[in-house]
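Here the protein sequences come in this chain order: A and B. Following the working numbering, the numbering of the first sequence begins with 1 at its first residue and continues without gaps. Following the working numbering, the numbering of the second sequence begins with 111 at its first residue and continues without gaps.
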Amino acid sequence: QKEVEQDPGPLSVPEGAIVSLNCTYSNSAFQYFMWYRQYSRKGPELLMYTYSSGNKEDGRFTAQVDKSSKYISLFIRDSQPSDSATYLCAMRGGYQKVTFGTGTKLQVIP
Amino acid sequence: EAGVTQFPSHSVIEKGQTVTLRCDPISGHDNLYWYRRVMGKEIKFLLHFVKESKQDESGMPNNRFLAERTGGTYSTLKVQPAELEDSGVYFCASSPHPGAANTGELFFGEGSRLTVL
Chain A
1 QKEVEQDPGP LSVPEGAIVS LNCTYSNSAF QYFMWYRQYS RKGPELLMYT YSSGNKEDGR
61 FTAQVDKSSK YISLFIRDSQ PSDSATYLCA MRGGYQKVTF GTGTKLQVIP
Chain B
111 EAGVTQFPSH SVIEKGQTVT LRCDPISGHD NLYWYRRVMG KEIKFLLHFV KESKQDESGM
171 PNNRFLAERT GGTYSTLKVQ PAELEDSGVY FCASSPHPGA ANTGELFFGE GSRLTVL
């Protein structure tokens, strides 16, 4: 069983839609939860970072963590064509290595 | 500020040949990581340097892979001899020394795409 499970998609939505991206994990040692965005032929870049259970909002993006269910989500409001990318959930315990999900490819259609 | 740079961006070699990938981290970043993404799979950890020392090399697939970080600056990852299953994108990432106020954010390079024929 993989430590982090993520639906690879692809996910195609119209511009302005609300997007929900999700990951589940099995390792209880994970304490830090991240979402990276990766554009084609580029390296991943950090989008959101959370530590505790609950919600964290940054502009159109909301990251949600439910440690009891081992489930994390990223919501994108008013999605834009520029949001088209692969979104990778990632997590780690303490200062250990970061473990990534497979990534979900998102396409926002104008 | 310059980001993480990787070279070459794409390398095509034949099975049995040797390839050396280079990574220049962000200046001042003590932590340097190598990750690899094989087609259709997740980005997987290979190893972690703190300055010039290997902190964690638990992700290195086998002894055909050799990573070095000379003087705690740039790093090289050598694959010798290359096999077909080594094809993929090799990412390098760096981060400042983790501290209480540091998220441990990884700054990635654009990756080196390796194709073994």
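Where is the CB? At the ideal position from N, CA and C, for every residue including glycine.
Under a criterion of Cβ atoms nearer than 9 Å, no residue of chain B is adjacent to A:Tyr71; the nearest Cβ is some 18 Å distant. Assignment of B:Gly198 by DSSP, reduced to helix, strand and coil, places it in the strand class.
For the segment 56 to 80 of chain A, the full-length beta strand (DSSP E) segments reaching 3 residues or more read 61 to 66 and 71 to 76 along the chain. Per DSSP, B:Ser222 is one residue of the beta strand (DSSP E) stretching across Ser222 to Val226. The DSSP-derived three-state label of A:Gly54 is strand. Nearest CB-CB separation between A:Phe30 and chain B: not below the 7 Å threshold. Sequence-ordered contacts of the segment 150 to 163 of chain B with chain A read Lys151, Glu152, Ile153, Phe155 and His158 [C-beta pairs closer than 7 Å]. Residue-level contact check: A:Lys97 touches chain B, since one or more beta carbons of chain B fall below 7 Å from its beta carbon. Only residues of its own chain outside the window of five on either side were considered, and among them Leu142, Phe159, Glu162 and Ser185 have a CB closer than 7 Å to the CB of B:Arg179, listed in chain order. Proximity of A:Phe33 to chain B, defined by a Cβ-Cβ separation below 7 Å, is not satisfied. In the three-state DSSP reduction, A:Asp83 falls in the helix class (H, G or I).
Judged by their CB atoms, A:Asn22 and A:Glu3 are not nearer to each other than the 7 Å cut-off. Close CB contacts of B:Glu215 within its chain, under the 8 Å cut and outside five residues either way in sequence, are with Ser205 (chain order).
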